[in-house]
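Asks: Numbering (the numbering used here), first residue to last: 78 to 347. The following block contains the structure, expressed as structure tokens.
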């Protein structure tokens with residue numbers, strides 16, 4: 078069983094920190110840096126998170142924005158290497174997201190690297206994104222997971238992610254139901270276009286599926302952790318722990334430590 082799912086099942090409210098990779102070989106932004114340089118940057122970020130008590134890590138090739146619909150062989154190879162190396166230094170579960178929706182690449186990397194989970198941005202329905210139309214990947218994900226013997230790799234599925242606009246949908250609750258009941262998502266991720274929208278989506282998800290694992294994909298800080306967990310099972314975090322206050326930038330050890338202290342206090346009070 079996925080270690081992250083075990084945390085969620087025990088009500089641990091895990092905090093997953095994002096390790097954002099620089100541009101990878103084979104991507105549109107690659108500037109020629111050797112793989113060792115990419116790994117050094119990734120491992121430095123992962124160590125800051127792991128050393129300050131993070132519950133899980135998610136590796137993502139953010140440097141490859143604008144994303145393509147499918148990864149190149151070089152991107153898959155470099156992502157696998159990074160995920161393996163991060164897994165060696167971190168005692169917590171390590172997962173990944175690659176090009177947002179390339180499930181074949183994600184499960185190939187996850188199975189080879191021993192990753193615990195993957196995050197899929199468009200799992201059911203269809204979304205108009207800044208990079209074009211993305212269609213639900215639930216079937217492809219099930220096939221890819223089975224094809225690489227990855228039955229223990231958990232699927233975290235976004236529902237109506239803030240970076241896109243749903244196309245021809247009957248609503249959030251219906252797509253949430255499709256993701257959980259028909260698509261087979263192990264947990265869902267909700268991220269609205271504002272913090273208030275995120276909290277509203279979490280409340281609606283909890284009301285519609287009380288037993289579901291609902292992760293918040295953005296807007297969670299040390300100051301609001303307790304409030305945001307009222308209808309959530311955990312959080313994916315990056316910006317509030319960085320020097321830039323955005324997804325790019327470097328993690329500040331003191332901010333990570335303060336965030337995790339707030340998370341532990343909220344868990345103890347629950």
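Just so it is clear, CB atoms sit at the ideal spot from N, CA and C, and this is done for glycine as well. If you're wondering where the values come from, they're calculated on a predicted model, not measured in any experiment.
Straight-line CA distance for residue 172 to residue 318?
Replies: Position 95 of the chain shown, counted from the start, is the residue given in the question as residue 172. Position 241 of the chain shown, counted from the start, is the residue given in the question as residue 318. Each residue's alpha carbon lies about 19 Å from the other.
Asks: Using only CA atoms, which one of 280, 179, 87 lies nearest to residue 220?
Replies: Here residue 220 corresponds to residue number 143 of the chain shown, with the count starting at 1. Residue 179 is the option with its Cα nearest to residue 220.
Asks: What are the complete alpha helix (DSSP H) segments, minimum 4 residues, inside the stretch 184-267?
Replies: Within the stretch 184-267, the complete alpha helix (DSSP H) runs of at least 4 residues are 215-224, 249-254.
Asks: Specify the secondary structure class of residue 308 as computed by DSSP and reduced to three states.
Replies: For the purposes of this step, residue 308 is taken as residue 231 along the chain shown, with counting starting at 1. DSSP places residue 308 in helix when its eight states are reduced to three.
Asks: Could you check the C-alpha separation between residue 308 and residue 261 for me, to the nearest Å?
Replies: Taking the first residue of the chain shown as 1, we reach residue 308 at position 231. Taking the first residue of the chain shown as 1, we reach residue 261 at position 184. Straight-line Cα distance between these residues: approximately 21 Å.
Asks: Give a single yes or no on whether residue 119 has its beta carbon closer than 7 Å to a heavy atom of the ligand NAD.
Replies: Only the bare structure without any ligand can be found here, which leaves the ligand NAD out of the picture.
Asks: Based on the DSSP secondary-structure assignment, which residues constitute the bridge partners of residue 328?
Replies: For the purposes of this step, residue 328 is taken as residue 251 along the chain shown, with counting starting at 1. DSSP, once it has assigned bridges, lists 319 as partnering residue 328.
Asks: Suppose you measure from the CA of residue 266 to the CA of residue 120; what does that come to, to the nearest Å?
Replies: Working through the chain shown from its first residue, we reach residue 266 at position 189. Working through the chain shown from its first residue, we reach residue 120 at position 43. Straight-line Cα distance between these residues: approximately 25 Å.
Asks: The alpha helix (DSSP H) that contains residue 133, what's its start and end?
Replies: For the purposes of this step, residue 133 is taken as residue 56 along the chain shown, with counting starting at 1. Unbroken run through residue 133 is the beta strand (DSSP E), 133-137; no alpha helix (DSSP H).
Asks: Are residue 315 and residue 95 touching if we call contact CB-CB under 8 Å?
Replies: Position 238 of the chain shown, counted from the first residue, corresponds to residue 315. Position 18 of the chain shown, counted from the first residue, corresponds to residue 95. It is a contact, given that the beta carbons lie within the stated cut-off.
Asks: So who's on the other strand from residue 93, going by DSSP bridges?
Replies: Locating residue 93 in the chain shown gives position 16, counting from the first residue. Looking at the DSSP assignment, residue 93 forms a beta bridge with 133, 313.
Asks: Would you list the one or two residues that DSSP bridges to residue 301?
Replies: Counting from 1 along the chain shown, the entry for residue 301 is found at position 224. Answer is none; residue 301 lacks a bridge partner.
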